Amino acid sequence: MKKNIMLVALTLAMSAQVGAAPAETMPQIKPMAQQTQAALWASRVLTRYHYKAAPLDDAMSEKIFDRYLKSLDAEKMILVQADIDQFTNVRTRLDDAIIGENLSAPFAIYNLYQQRFEERINYSRQLLKTKFDFSVDESFQNDREKAIWPKNEDEARDLWRKRVKNDWLRLKLAGKDDKSIRETLDKRYENYITRSRKMNNEDVFQIFMNAYAMSIEPHTNYLGPRASENFDIAMRLSLEGIGAVLQTRDEYTVVREVVPGSPAGLSGKLKVGDRIVAVGQGTSGPMSDVMGMRIDDVVTQIRGVKDTTVRLDILPADAGPDGKHALVMLVRKKISMEEQAAKKSIIEVTQGGVKRRIGTISLPTFYQDFEARRRGDKNYKSATRDVARLLGELKKDKVDNLLIDLRNNGGGSLNEAVELTGLFIDKGPVVQQRNAEGKVEIENDTNAGLAWDGPVGVLINRGSASASEIFAAAMQDYGRGLIIGEASFGKGTVQTLINLDRFGQGDNAKLGELKMTVAQFFRINGGTTQLRGVTPDIKLPTMSDSDSFGESSYDNALPWTSIKPAIFLPAGDLTDIAPMLDRKHIARVAGDKDFQYLLEDIALVSKQRKENMMSLSETVRRKERDTQEARSKLREQRLLAVTANDDLVVILDPKDARSKAAEAKSTARQIARMKGTMRADDGLQGDERALSAELDAEKAAKNAKDVLLHEAVRILADEVALLKTDTRLASRVLPYAPEVPPVK
């Protein structure tokens, strides 16, 4: 039904309420014509071609409404029940807003949210002038996602009083005095407002459209023009620019990292901590001031076409606010994002006096430069190509076993998952796809031969999703690889990108893209990873909360189901060796202090998550802090006691094995790492710390001992030992192995 006249009237009424704040301090965000057009075309595509197509009607409008409010105020601390009540008439009219190309209502909702947000932050800043009583026995709720909306302003203000009190207490426990605490928090809250005022209509439109898209199914998304560009960069692992990672700190755009070999790195003129205050295009012409500008807007000015020039007005890292500026001129080039590419290392494990060499390949994402491959570029970027190259290097290094680390790999190219599987099997089906009409297609590896015919392990966790699950499931179904870790995410759906610009009026229409679910994938055994994920052969501790992370946490996820299995010939059989390895694993970790410490940490986090409350009593919190510090000291002593006798050595570069001198320094390094990862809470947020301190902490965390990786490597070392001593077992586990004559 059409209710556009009523919708406009209601929107005007809401806008009048939103307009209570002065226009100069709170500008109203309004939709653009091309956004209303994009919403209409997106609805036409979604209602016709989605795998789980649903009509855009009043029922869908209610879902969009609830999800939109949740996207804006997930913790239910900004809006109050009276705000929600005044939106009642909009609840069933968002379908008409989209179809009628009138998005005034969702934008009016956002503007009211923004007004309430500023009211909450301004109230928080007023609280800083008061004195808190930390002897009172009261608590602050950590996670309010499942809470109800505050009934009124008094309830909302009490929530914010407790939040500010908690912020203050954290700094107080870190040793800050009242004056320093007040200044830090006032600046923090001021920055909240500054950042929120940088929201524009593209941001608001994307939030609203994602509320619509994700109301159909969790993995359908709308990507605005800028988000679409960033998605493309993430898939091809390259961009055209200068090679500097930037962030915002105190309204400055600051250089956080300089990529080696990039124009910025080769010039030697740009350093970590340098502040970019203006950007100019070409070798001459005006400079554009970027002070206080959104980071993505600054990035847009710095990125550009390859071989073009960009000029940067730099305030050096070691200069004061009034220091001498420097002009840096750089020529843009293609920048490879190697940090997200596949990487290898070798880990040596000594067990029973025997040394085993385990090769590891970490793959953060299943990337592919689609455009380069389409146009026939023989050197297009590809996860499979990179892994194949690393496998060749590891074969030369004569490793005994191989571990593919897919932890937190959220997926990527389906084609890459199929081709990567092909490196470990000799032809055959890898995954099945079923579209909305029920038609099933099988994706096959058609390349004969294997890049790696030895034993394999695959390490997964809850963050391993989509393409990662396709690969892990195929390796498991073929009996080709031992799956180690925790149950994966459970995303068993296939998405495609649809460019909405093709429907736009005019050549310059920028309508964005839909990442839309068009099929569901199934294992070759007929089951699906949807909802349940891939169950590991050997389970490691669960690090995440399945209620808040993973497919099962979505209220509208597709159900688990199955289809007819594909015809395939297993390459190996792990049914006998997996239980043997699991028993060895369980016995070993029972006496592994580091592993037991990890279990303690998981139990503590689980307990805190379940309680969902934080005491605001200084006495209670100091006791908790002291307990944490005592645990940290015990772990430092543990490192001092056992590092010299550690049975495991990591070699990042096989050509440069660690020397005795390097080994002698390992204890000090590991203690420094442990201190970095177990740093006491300083009450600060990332951009409130010195950049050098933030980078040092991140480096320490990155280099800290990876307990789960090390245990997975030991499991694979156990596998090598069993395979070398039991030829019959080896003939069942290893693919295409020659027949072993029976023992008489």
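Going by the working numbering, the letters in the sequence shown line up with residues -17 to 726, in that order.
Beta carbons are placed, not taken as given, at the ideal position from N, Cα and C, and that holds for glycine.
Fair warning: this is a prediction, and the values are worked out from it, not measured in the lab.
If you count every other CB in all the chains shown that lies within 10 Å of the CB of F531, and 16 or more means buried, which is it? Taking the first residue of the sequence shown as 1, we reach residue 531 at position 549. Exposed.
Would you call the segment 26 to 46 in contact with the segment 213 to 224, where contact means no fewer than 3 C-beta pairs closer than 8 Å? They do not touch, by the three-pair rule.
8 Å contact criterion, which V413 and I465 should meet: CB distance rounded: Walking along the sequence shown from the start, residue 413 turns up at place 431. Walking along the sequence shown from the start, residue 465 turns up at place 483. The Cβ separation is near 16 Å, so there is no contact.
Mind checking whether L376 and A694 have CB atoms under 8 Å apart? On the sequence shown, residue 376 is found 394 positions in, with the first residue counted as 1. On the sequence shown, residue 694 is found 712 positions in, with the first residue counted as 1. In this structure, L376 sits away from A694, with a CB-CB distance that is not shorter than 8 Å.
Considering only residues of the same chain and omitting the five flanking positions on each side of T543, which have a CB-CB separation below 7 Å? For the purposes of this step, residue 543 is taken as the residue at position 561 of the sequence shown. If we look at T543 and ignore the five residues flanking it on each side, its Cβ neighbours are T510.
Roughly how many whole angstroms lie between the Cα atoms of G463 and R565? As a position in the sequence shown, residue 463 is number 481, starting the count at 1. As a position in the sequence shown, residue 565 is number 583, starting the count at 1. Our two residues, G463 and R565, have alpha carbons roughly 18 Å apart in a direct line.
Using the three-state DSSP reduction, which class does Q10 fall into: helix, strand or coil? If you number the sequence shown from 1, residue 10 lands on position 28. In the structure shown, Q10 sits in coil (DSSP, three-state: anything other than H, G, I, E or B).
Would you kindly work out how many angstroms separate the C-alpha atoms of R714 and D408, rounded to a whole number? Numbered from 1 along the sequence shown, position 732 holds the residue referred to as residue 714. Numbered from 1 along the sequence shown, position 426 holds the residue referred to as residue 408. Distance from the CA of R714 to the CA of D408, rounded to the nearest whole angstrom, comes to 16 Å.
Distance between E423 and G410 (C-alpha atoms, nearest Å): In the sequence shown, residue 410 corresponds to position 428, counting from 1. In the sequence shown, residue 423 corresponds to position 441, counting from 1. When rounded, the distance between both Cα atoms is 13 Å.
Taking the alpha carbon of F504 as the point to measure from, which residue in K473, L493 and K521 has its own alpha carbon closest? As a position in the sequence shown, residue 504 is number 522, starting the count at 1. When C-alpha distances from F504 are compared across K473, L493 and K521, the shortest belongs to K473.
For E120, three-class secondary structure by DSSP: Within the sequence shown, residue 120 is the residue found at index 138, counting from 1. E120: coil per DSSP, three-state reduction.
Just to confirm before moving on: does the CB-CB distance between E239 and V227 stay below 8 Å? One-based indexing of the sequence shown puts residue 239 at position 257. One-based indexing of the sequence shown puts residue 227 at position 245. Result yes, Cβ atoms of E239 and V227 sit closer than 8 Å.
Could you tell me which whole beta strand (DSSP E) segments of length 3 or greater appear in the segment 391 to 466? Within the segment 391 to 466, complete beta strand (DSSP E) segments of at least 3 residues are found at 410 to 417, 422 to 427 and 438 to 442, given in chain order.
Residues near L716 in its chain [Cβ-Cβ closer than 8 Å; skip 5 each side]: Locating residue 716 in the sequence shown gives position 734, counting from the first residue. D435, G436, P437, G554 and L705.
Can S450 and L540 be called in contact, C-beta distance under 8 Å? Counting from one through the sequence shown, the residue named residue 450 turns up at place 468. Counting from one through the sequence shown, the residue named residue 540 turns up at place 558. It is not a contact, given that the beta carbons lie outside the stated cut-off.
What is the DSSP secondary structure of Y536, reduced to helix, strand or coil? Here residue 536 refers to the residue found at position 554 when the sequence shown is read from its first residue. DSSP, read as helix, strand or coil, puts Y536 in coil.
Under the assumption that R293 contacts G262 (Cβ atoms under 8 Å), give the Cβ distance between them as a whole number of angstroms. What you label residue 293 is simply residue 311 of the sequence shown in a count that begins at 1. What you label residue 262 is simply residue 280 of the sequence shown in a count that begins at 1. Going by Cβ atoms, the distance from R293 to G262 rounds to 4 Å, so yes, they are a contact pair.
Would you kindly check if the distance between the Cβ of R218 and the Cβ of A324 is under 8 Å? Taking the first residue of the sequence shown as position 1, residue 324 is located at position 342. Taking the first residue of the sequence shown as position 1, residue 218 is located at position 236. A324 places its beta carbon 8 Å or farther from that of R218.
Between the C-alpha atoms of L297 and G305, what's the straight-line distance to the nearest angstrom? In the sequence shown, the residue the question calls residue 297 occupies position 315. In the sequence shown, the residue the question calls residue 305 occupies position 323. Cα to Cα, L297 sits roughly 7 Å from G305.
Tell me whether the segment 276 to 283 and the segment 314 to 334 touch, counting them as touching only if at least three CB pairs, one residue from each stretch, are closer than 8 Å. Too few Cβ pairs lie closer than 8 Å, so no.
Could you tell me if A469 is buried or exposed, where buried requires 16 or more neighbouring beta carbons within 10 angstroms of its beta carbon? For this step, residue 469 is matched to residue 487 along the sequence shown. A469 comes out buried.
What whole-angstrom Cβ distance do T29 and L85 have, given they're in contact under 8 Å? Taking the first residue of the sequence shown as 1, we reach residue 29 at position 47. Taking the first residue of the sequence shown as 1, we reach residue 85 at position 103. About 18 Å separates the two Cβ atoms, so there is no contact after all.
Assuming Q502 and R416 are in contact, meaning their beta carbons sit under 8 Å apart, how far apart are those beta carbons, in whole angstroms? Position 520 of the sequence shown holds residue 502. Position 434 of the sequence shown holds residue 416. The C-beta separation of Q502 from R416 comes to about 5 Å, placing the pair in contact by the 8 Å criterion.
If we count Cβ pairs, one from each stretch, closer than 8 Å, do we get three or more for the segment 139 to 157 versus the segment 91 to 108? Yes: the two stretches touch, three or more of their Cβ pairs being nearer than 8 Å.
Which value, in whole angstroms, describes the spacing of the CA atoms of R651 and E611? Within the sequence shown, numbered from 1, the residue matching residue 651 stands at position 669. Within the sequence shown, numbered from 1, the residue matching residue 611 stands at position 629. Annotation note: pLDDT 41 at R651 (below 50); position unreliable, no value reported.
Please list the terminal residues of the continuous alpha helix (DSSP H) segment that includes T176. Translated into the one-based positions of the sequence shown, residue 176 becomes position 194. Per DSSP, T176 belongs to the alpha helix (DSSP H) from D160 to S178.
Buried or exposed for N738, please, with buried defined as at least 16 other CB atoms from any protein chain shown within 10 angstroms of its CB. Beyond the ends of the chain as shown, which are -17 and 726, falls residue 738; an answer cannot be given.
Let's test the definition: count the other Cβ atoms within 10 Å of the Cβ of M498 and tell me whether it reaches 16, buried, or not, exposed. Counting from one through the sequence shown, the residue named residue 498 turns up at place 516. M498 is buried by the Cβ-count criterion.
According to DSSP, G341 sits in a beta bridge with which residue or residues? The residue labelled residue 341 in the question sits at position 359 within the sequence shown. DSSP output for G341 lists I328 and L384 as bridge partner(s).
Tell me which residue opens and which closes the alpha helix (DSSP H) that K593 is part of. As a first step, residue 593 must be located in the sequence shown, where it is residue number 611. It is worth fixing the name first, because residue 593 is Glu in this sequence and not Lys. In the DSSP assignment, E593 falls within the alpha helix (DSSP H) that extends over K575 to E593.
Taking DSSP as the reference, what is the three-state secondary structure of E670? Against the sequence shown, residue 670 aligns to sequence position 688. The three-state secondary structure of E670, taken from DSSP, is helix.
Roughly how many whole angstroms lie between the Cα atoms of N183 and I11? On the sequence shown, residue 183 is found 201 positions in, with the first residue counted as 1. On the sequence shown, residue 11 is found 29 positions in, with the first residue counted as 1. Approximately 6 Å, taken between the alpha carbons.
Between which two residues does the beta strand (DSSP E) harbouring F504 extend? Locating residue 504 in the sequence shown gives position 522, counting from the first residue. Looking at the DSSP string, the run of the beta strand (DSSP E) that includes F504 is E495 to F504.
Below 8 Å on the Cβ atoms is my contact criterion, and I expect K315 with P245 to pass it. Report the Cβ-Cβ distance as a whole number of Å. Looking up residue 315 in the sequence shown gives position 333. Looking up residue 245 in the sequence shown gives position 263. About 5 Å; that satisfies the 8 Å criterion.
Which partner residues of V369 appear in the DSSP bridge assignment? In the sequence shown, counting from the first residue as 1, residue 369 sits at position 387. Looking at the DSSP output, V369 bridges to nothing.
So what's D39 in DSSP terms, helix, strand or just coil? Working through the sequence shown from its first residue, we reach residue 39 at position 57. Looking at D39 - three-state DSSP - the assignment turns out to be coil, as it is neither helix nor strand.
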